[in-house]
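What follows is one structure encoded as structure tokens, with my remarks underneath.
In this note's numbering, the protein residues as written are 1269 to 1696.
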């Protein structure tokens, strides 16, 4: 298992996914990431596989149990042979019966296993291990599905924040446009100064059209994948992290490798059982010519009961080679586990460093936004006094929008990195 560096970082990540139940109850239009993930797992067609795996396992175990029940067969045979026993030729002077060359045999045969060396139990264990591996493979597919939900969710988060910043920017422009229109009516301003602001408003409206269409697409895709009804009024909430501790990774891929190793061990044990003696009882009853009295040429009833033994003593080392194949497969999986853990730790280190970098950049981004706001305020005063043109003022206002968007983007990137960190650990 991977030991996670600086568990304190992870301590505040997990609750990032949970939205308080009270908030959800008050506003059913609010959707958290956890709600979306849970709904996706419950509604996406993948979840239909789980009961099928359970049914498959139940049928397999029932089949194994039925192997211990009496096996009943009806057999029949009719034949013609070129020669039969001639008693007179073997014992001169003794006139035996003349036997027919056409023979008939019909029988009801029964066989009951008495001892199979724990074969039934080991076979059930193998089927159980196969079922567990299938369920874990399903979990891997669901884990990949979660990544798609996260991608759409953060796409909407960025979209909503971008709209909010643009909305503020447009409000500022509209306020300034109203002032300029009043000045223009009073003859205190040239039309060209107002046109610069009107042009910028048109560009903002274009951006709104693009962003709103992107949001509709994201909402539709998220609704389709999660099975939840959504519309343009739906609010997607990412809650702030609280404190919780975790130490070990829980990736389903790694757990599947461990299950495959267990399956190999069970297969080896089953192989040992196959080379143990098998004891069974049998019986046969029928009608034919000849019966068990080979010297009688009449049709007769017959029956037989007994106990049989089956013990494979030599198989030209096939069992030994099968064990070697099992061991090689186990060694291959062990290498895969080591490779997986190395790659996982590399990813975790990258995520951790990325979080530290973004936290530092966010702090400086806030300073940049504050400073640019002051510059834009100065530019507004200069515009009113005729020191700069409306285009120069718009440039400074655009920078405010740009730096605000940069700050919001980095905050979202930080949250996304935390989510990816949890996803990499298998804790999402």
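Positions of the beta carbon are idealized from the N, C-alpha and C atoms, including for glycine. None of these values were measured; they are calculated from a predicted model.
Roughly how far, in whole angstroms, is the beta-carbon of residue 1317 from the beta-carbon of residue 1413, given that I think they are within contact range, below 8 angstroms?
-> 12 angstroms between Cβ atoms; not a contact.
Label residue 1528 either buried or exposed according to how many other C-beta atoms from any shown protein chain fall within 10 Å of its C-beta, with 16 as the threshold for buried.
-> So residue 1528 ends up on the buried side.
Neighbourhood of residue 1491 by C-beta distance below 6 angstroms, restricted to the same chain and skipping five residues each side = Closer than 6 angstroms at the Cβ level, and outside the excluded window around residue 1491, lie 1498.
Just grab the DSSP bridge partners of residue 1503 for me.
-> The partner list for residue 1503 (beta bridge, DSSP) reads 1298.
To the nearest angstrom, how far is it from the Cα of residue 1367 to the Cα of residue 1388?
-> Per the coordinates, the alpha-carbon of residue 1367 lies some 47 angstroms from the alpha-carbon of residue 1388.
Please look up how many angstroms separate the CB atoms of residue 1420 and residue 1489, rounded, as I've assumed it's under 8 angstroms.
-> Confirmed, Cβ separation roughly 6 angstroms.
Under a three-way DSSP split, which group does residue 1543 fall into?
-> Correct three-state label for residue 1543: coil.
Check the DSSP bridge columns for residue 1447 and list the partner residues they point to.
-> The beta-bridge partner set that DSSP reports for residue 1447 is empty.
Given residue 1651, which residues of its chain have a CB within under 6 angstroms of its CB, disregarding the five upstream and five downstream residues?
-> Excluding its 5 nearest sequence neighbours in each direction, residue 1651 has C-beta neighbours in its own chain below 6 angstroms: 1661, listed in chain order.
CB contact flag (residue 1430, residue 1479, <8 angstroms) = In contact: residue 1430 and residue 1479 (Cβ atoms closer than 8 angstroms).
Distance between residue 1686 and residue 1535 (C-alpha atoms, nearest Å) | One C-alpha to the other measures close to 41 angstroms.
Could you pull out every unbroken beta strand (DSSP E) segment of at least 3 residues lying fully inside the stretch 1341 to 1383, listed in chain order?
-> Within the stretch 1341 to 1383, the complete beta strand (DSSP E) runs of at least 3 residues are 1370 to 1383.
Over what stretch of residues does the alpha helix (DSSP H) that includes residue 1608 continue unbroken?
-> Annotation: the continuous alpha helix (DSSP H) that includes residue 1608 extends over 1586 to 1652.
Which residues DSSP lists as bridging residue 1572, in chain order | Per the DSSP secondary-structure output, residue 1572 pairs in a beta bridge with 1552.
In chain order, what residues of the same chain have a beta carbon less than 7 angstroms from the beta carbon of residue 1384, not counting five sequence neighbours either side?
-> Taken in chain order, the residues that qualify are 1546.
Which two residues bound the contiguous alpha helix (DSSP H) that contains residue 1567?
-> No alpha helix (DSSP H) contains residue 1567, which DSSP labels as neither H nor E.
CB-CB under 6 angstroms to residue 1544, same chain, minus the five flanking residues each way: which ones, in chain order?
-> Annotation for residue 1544: 1385 place their beta carbon closer than 6 angstroms to its own, counting only its chain and skipping 5 residues before and after.
Find out if the Cβ-Cβ distance for the pair residue 1680, residue 1502 is shorter than 8 angstroms.
-> Taking 8 angstroms as the Cβ cut-off, residue 1680 and residue 1502 do not qualify as a contacting pair.
If you draw a straight line from the alpha carbon of residue 1468 to that of residue 1648, how long is it in whole angstroms?
-> So the alpha carbons of these two residues sit roughly 15 angstroms apart.
If we count the other Cβ atoms within 10 Å of its Cβ and call it buried at 16 or more, is residue 1678 buried or exposed?
-> Per the 10 Å Cβ criterion, buried.
Between the Cα of residue 1341 and those of 1332, 1320, 1379, 1589, spot the shortest distance and give me the residue it belongs to.
-> For the residues 1332, 1320, 1379, 1589, the minimum Cα distance to residue 1341 belongs to 1379.
Keeping to the same chain, check which residues put their C-beta closer than 6 angstroms to that of residue 1671; ignore five residues upstream and five downstream.
-> The answer, listed in chain order, is 1636, 1637, 1640.
Which one or two residues does DSSP pair with residue 1438 in a beta bridge?
-> According to DSSP, which records beta bridges pairwise, residue 1438 is partnered with nothing at all.
Close beta carbons around residue 1328, own chain, < 7 angstroms, minus the five adjacent residues each side = Within the same chain, 1395 come within 7 angstroms of residue 1328 by CB-CB distance, once the 5 residues on both sides are set aside.
Would you check if there are 3 or more beta carbon pairs closer than 8 angstroms linking the stretch 1559 to 1572 to the stretch 1585 to 1599?
-> No contact exists between the stretch 1559 to 1572 and the stretch 1585 to 1599.
Measure the Cβ-Cβ separation of residue 1464 and residue 1659 and say whether it is below 8 angstroms.
-> Contact annotation: residue 1464 and residue 1659 have beta-carbon atoms nearer than 8 angstroms.
Residue 1336 - DSSP class collapsed to helix/strand/coil = The DSSP-derived three-state label of residue 1336 is coil.
Locate the alpha helix (DSSP H) running through residue 1661, then write down its first and last residues.
-> For residue 1661, the enclosing alpha helix (DSSP H) covers residues 1658 to 1693.
Residue 1557, DSSP secondary structure in three states | The DSSP-derived three-state label of residue 1557 is strand.
Is residue 1311 helix, strand or coil when you go by DSSP?
-> Three-state DSSP puts residue 1311 in a helix.
Member of 1523, 1524, 1308, 1391 whose CA lies at the smallest distance from the CA of residue 1330 | Out of 1523, 1524, 1308, 1391, 1391 has the C-alpha closest to the C-alpha of residue 1330.
If I'm right that residue 1423 touches residue 1486 with Cβ under 8 angstroms, what's the distance once you round it to whole angstroms?
-> About 5 angstroms separates the two Cβ atoms, so the contact holds.
Roughly how many whole angstroms lie between the Cα atoms of residue 1699 and residue 1458?
-> A question about residue 1699 goes unanswered here, because the residues of the chain that appear run from 1269 up to 1696.
Taking only the alpha-carbon atoms, compute the straight-line gap between residue 1446 and residue 1663 and give it to the nearest angstrom.
-> Here the alpha carbons of residue 1663 and residue 1446 stand approximately 19 angstroms from one another.
Residue 1463 lies in the alpha helix (DSSP H); which residues open and close that run?
-> Element bounds for residue 1463: 1459 to 1494.
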